[in-house]
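First up is the structure itself, then whatever we jot down about it.
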Amino acid sequence: MKNVFQLYSKLWPESSLPTLKPILEAVKVARFPSGKDDLRNVDHPRTIAVVKELRLKELMRLVGMGFEHIVQEDREDFAQELLTACFMIAQPDTFFRNPIPFFVNGFKTYKAIDHPDKHLILRFSKPSEKSTLLDWLAVFLDQQPKTNALKDLCIQVADEMVSNVLFNAPTSNKKRLFKDVARTTDLELPTSRRGKLFACFADHKVVIGCVDSYGSLVQKEMVEYLAKMFNETGNEFRPTGGGAGLGMKYIIENSGNFYLLVSPGKFTLMACGFMLRGFQANTNQNKNLHLCFG
Amino acid sequence: MAINHKFRLTSFVEGDTTSIAISGAIDETAEFNEVRNDGRIKIDLSGVTRMNSVGTRAWCLWMQRFRAPVEVILVNCPTIMVKNFASIKGFLTNRCRVYSFEVPFYSPETGERRDFVATWGKHFTASSEVKIPPILDSKGNQMVMDVHPDTYFGFLRR
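As you go down the protein sequences, you meet chains A and B in turn.
Counting in our numbering, the first sequence runs from 1 upward without gaps.
Counting in our numbering, the second sequence runs from 1001 upward without gaps.
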């Protein structure tokens, strides 16, 4: 099985290759649906699934096989997403220590956040703050007229992510804090558990994400949940309990790129990338997925 | 501009028709009151600004309360709701008829979005495909329909 450098080094300028080479060489590629690659003994967490025209249902099958990064070769952001996946695999410690700058800086280099008009970071601890958060996000998005076509998608995703952070969802852990607490409850997270909502413009897209301080999502459970969600022809809502069981569907269906990083017991970062090319460019089925469970 | 988050449901009865207007966010704050369960229920959704998963559940549970012979007519359905009409069981029940709904258009040239309201009998019927006249952006360029028709209009084939 070949590595990213062997197959795709031409995607990046020659001048940047000396820096990128060790990162690109450390990550293998399995291509789908070509069938050219020998999939025996695949080290799934260190292998990127590069796919062409696979729908969400098929992507979830790859997630079920153990792949954590699935990147669409036909998309215009292929080089960028491939590099993102390589960074996440090859430099997990740097990435996990402080992931937000990677999104804010468009995965170019690790540098200080120095464009205040291009990013937004808000902290929150109460459901009653959600309306204000979404208003701030809407104002931030209004800076870029191209977000007008997808603003409702972005707001819906942010809404779901903020709720997930506040109510420590979605996980079936019976002992978890706020399990089955009505979403109308105006709880307040302690200062040490405050959530973060961030948004940034980077390379023809906007990234919106949330960070919690639980790190409670479990890979097996999440994979089963997503497989069920996207295998069914019609999704059913959960009639009782805290959430309706549809939040992740909205988050993934609305966005072009989905990123999930779980550092068990420490934090969860969930983020979505939206291409600044209208509604369908994001809601179509050929998505880039990154799901890392630390 | 600030989003209108405040869920509001107003209704009035005229003959055998109950007209309801919903505005703001259909989310965890949404409270769908008891509505007369006979005749025709006309629900105008043009004021809905956002909807989340908990609001979706509240909506589906509300729809389940309407039983035959009630007829629920949905008017001016926003894109954020229409995109889930076909994919979430119970979003539209067999008592629901969609009279009009938004179809988003996008201009690759200017990045503008416009929502065209498709109306029953004018732009679609139960048996035909949706026919929408050309939509132009502010510079006169023809805009493209910004949804996949098979998926987005899937609810019409129910």
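All C-beta atoms, glycine included, are put in the ideal place defined by N, C-alpha and C.
In this text, all values refer to a predicted model and were calculated from it rather than measured experimentally.
How is the beta strand (DSSP E) around residue i delimited, first residue to last?
i: E1102/B; result: S1100 to Y1106
i: S1023/B; result: T1017 to I1026
i: A271/A; result: F267 to M275
i: I1164/B; result: Chain B is shown from 1001 up to 1158; residue 1164/B falls before or after that span and cannot be answered.
i: I1014/B; result: Per the sequence presented here, residue 1014/B reads as Glu, with Ile not at that position. Note, E1014/B: beta strand (DSSP E), R1008 to E1014.
i: F258/A; result: N257 to S263
i: N254/A; result: Where N254/A is concerned, there is no enclosing beta strand (DSSP E), although the alpha helix (DSSP H) it sits in stretches over G247 to N254.
i: L289/A; result: N288 to C292
So, with DSSP's three-state summary, where would you put residue i?
i: D186/A; result: coil
i: R1114/B; result: strand
i: D1044/B; result: strand
i: E1109/B; result: coil
i: H44/A; result: helix
i: T298/A; result: A query on residue 298/A cannot be resolved here, the shown segment of chain A reaching from 1 to 294 and no further.
i: E1031/B; result: coil
i: A281/A; result: helix
i: F178/A; result: coil
i: M1145/B; result: strand
i: A1058/B; result: helix
i: L1092/B; result: coil
i: T1079/B; result: helix
i: A90/A; result: helix
i: T1151/B; result: helix
i: R944/B; result: This structure gives no information on residue 944/B, because the portion of chain B shown stretches from 1001 to 1158.
i: N164/A; result: helix
i: R1157/B; result: helix
i: A1126/B; result: coil
i: N1004/B; result: coil
i: A169/A; result: coil
i: K111/A; result: Confidence at K111/A is low in this model, with a pLDDT of 49, below 50, so the placement of that residue should be treated as unreliable; the coordinate-derived value is given next. Coil at K111/A, not helix or strand.
i: A1086/B; result: coil
State buried or exposed for residue i, treating a residue as buried only when at least 16 other CB atoms are found within 10 Å of its CB.
i: E160/A; result: buried
i: A1068/B; result: exposed
i: F1012/B; result: exposed
i: N273/A; result: It should be noted that the sequence gives Gly, not Asn, for residue 273/A. That one is buried.
i: K151/A; result: buried
i: A1002/B; result: exposed
i: V1072/B; result: buried
i: S163/A; result: buried
i: A112/A; result: Low per-residue confidence applies at A112/A: pLDDT is 48, beneath 50, and the placement is therefore not dependable enough to give any value.
i: P170/A; result: buried
i: L17/A; result: exposed
i: K1131/B; result: exposed
i: P1149/B; result: exposed
i: Y110/A; result: Its pLDDT being 44, under 50, Y110/A is placed unreliably by the model, and the measurement read from it follows with that caveat. So Y110/A ends up on the exposed side.
i: D1016/B; result: exposed
i: K1006/B; result: exposed
i: P1185/B; result: Any property of residue 1185/B remains undetermined from this structure, which presents chain B solely from 1001 to 1158.
i: T1049/B; result: buried
i: E53/A; result: exposed
i: S15/A; result: exposed
Quick one: give me the first and last residue of the alpha helix (DSSP H) that residue i is part of.
i: E76/A; result: Per DSSP, E76/A belongs to no alpha helix (DSSP H) and is neither H nor E.
i: L1136/B; result: Note, L1136/B: premise wrong, no alpha helix (DSSP H); not H, not E.
i: L56/A; result: L56 to M65
Task: Contained alpha helix (DSSP H) runs [length at least 4] in the segment 1-32 of chain A, N- to C-terminal order - done: 4-8 and 17-25
Open item on the list: Give the list of continuous alpha helix (DSSP H) stretches no shorter than 4 residues that lie fully inside the segment 183-230 of chain A.
Closed with: none
Task: Length-filtered (4 minimum) alpha helix (DSSP H) runs lying within the segment 125-161 of chain A - done: 130-142
Task: the segment 1030-1038 of chain B contacting the segment 217-235 of chain A, beta-carbon criterion three pairs below 8 Å - done: no
TODO: Check whether the segment 1038-1058 of chain B touches the segment 1015-1029 of chain B, taking contact to mean three or more Cβ pairs, one atom from each stretch, closer than 8 Å.
DONE: yes
Task: Sufficient close CB pairs (3 or more, under 8 Å) joining the segment 229-247 of chain A to the segment 1085-1094 of chain B - done: By the Cβ rule, the segment 229-247 of chain A counts as touching the segment 1085-1094 of chain B, because three or more pairs are nearer than 8 Å.
Open item on the list: Does the segment 251-271 of chain A come into contact with the segment 206-225 of chain A, if we say contact requires no fewer than three beta-carbon pairs (one atom in each stretch) closer than 8 Å?
Closed with: yes
Open item on the list: Does the structure place the segment 1017-1024 of chain B close enough to the segment 238-253 of chain A that three or more beta carbon pairs sit under 8 Å?
Closed with: They do not touch, by the three-pair rule.
- [ ] For the segment 280-292 of chain A and the segment 40-58 of chain A, state whether three or more C-beta atom pairs, one from each stretch, are separated by less than 8 Å.
- [x] yes
- [ ] Inspect the CB distances between the segment 197-207 of chain A and the segment 38-45 of chain A and report whether three or more fall short of 8 Å.
- [x] Taking a cut-off of 8 Å on C-beta distances, the segment 197-207 of chain A does not touch the segment 38-45 of chain A, as fewer than three cross pairs fall below it.
- [ ] Check whether the segment 84-104 of chain A touches the segment 17-26 of chain A, counting contact only when three or more Cβ pairs, one atom from each stretch, lie closer than 8 Å.
- [x] Yes: the two stretches touch, three or more of their Cβ pairs being nearer than 8 Å.
Open item on the list: Would you call the segment 121-137 of chain A in contact with the segment 185-194 of chain A, where contact means no fewer than 3 C-beta pairs closer than 8 Å?
Closed with: yes
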